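Read in order, the letters of the sequence shown correspond to residues 67 to 207 in this note's numbering.
Each residue gets a CB set at the ideal place from its N, CA and C atoms; glycine is no exception.
Nothing here was measured: the structure is a model prediction, and the numbers come from that model.
Here is the structure we will look at, set down as C-alpha cells.
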Amino acid sequence: MAADAPSSELGVGRPTKRRPGSAVGGLPVADSRPVLDGDAVLGLRCTVCRYPVAQTGIPWCPSCYGPLEPARFDTGGTAFSSTVARIPVGTRKAPFALAYLDLDDGPRVLVHLAEPEVVPLGARLRITGMDEGDLLAEVAS
Ligand SMILES: [Zn+2]
C-alpha cells in the first residue's frame with residue numbers, strides 16, 4: 067500500500083451511503099425499524115416470558131431465548147424520553163423531535179414527533195403514521 071495513495075483507494079475518508087434494506091457485500095440488510103399496520107405496530111411476543119419485541123424476523127426471544135409468535139401492539143403509550151435534534155441527520159432537516167414511547171401493551175419504540183418540541187416524561191402519545199420509514203407520533207388529545 068503506497069503511503070501517498072488517495073484516501074479513496076484505501077477505503078477511508080468517505081462515509082458509505084447505505085439505505086436500510088440495501089446490500090452490503092452482496093447480502094441483503096434487514097430494516098429493523100418497527101412497522102405500522104393499520105392501527106397496530108407489528109412485532110413479536112415471547113411464548114414463554116411474554117417479552118414484547120417491536121421487530122419481526124428475529125429468531126428467538128432476546129430475554130429468554132424462547133420461541134416468538136407474531137403480535138400486534140396498540141399505538142398508544144407514554145413518553146419515556148424525548149429530545150429535539152437541531153442538526154440535520156440524513157434526509158431530515160432540523161429541527162425535528164424524537165421520543166422513546168412505551169407502548170401500553172408492548173415494547174418501547176423510537177418515534178419521530180409531529181412537532182419539533184420536547185414532550186414531558188409520561189405524556190400520552192399516539193402513533194399516527196409512518197414518515198420516511200419511521201414511526202410518527204403526536205401528543206394524544
Ligand atoms: Zn422470552
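Scanning L187, G156 and G142 for the CA closest to the CA of G195 turns up G142. The Cβ atoms of P125 and P173 do not sit closer than 8 Å to each other. For Y166, the Cβ stays outside the 7 Å cut-off from all heavy atoms of ligand 1. With contacts defined as CB atoms closer than 8 Å, A163 and S147 fail to qualify as a contacting pair. The beta carbons of L202 and V177 sit about 7 Å from each other, so the pair counts as a contact at 8 Å. Short of 8 Å from the beta carbon of A106, and not among the five residues preceding or following it, lie these beta carbons of its own chain, in chain order: R138, F139, D140 and T141. Around the C-beta of R111, 16 or more other C-beta atoms lie within 10 Å, and the residue is accordingly described as buried. With a beta-carbon spacing of about 6 Å, L108 and T122 fall inside the 8 Å limit used to define contacts. For L102, the enclosing beta strand (DSSP E) starts and ends at V101 to D103.
A120 sits buried, since 16 or more C-beta atoms from the chains shown fall within 10 Å of its C-beta.
In this structure, DSSP gives E181 a state outside helix and strand, which the three-state scheme calls coil.
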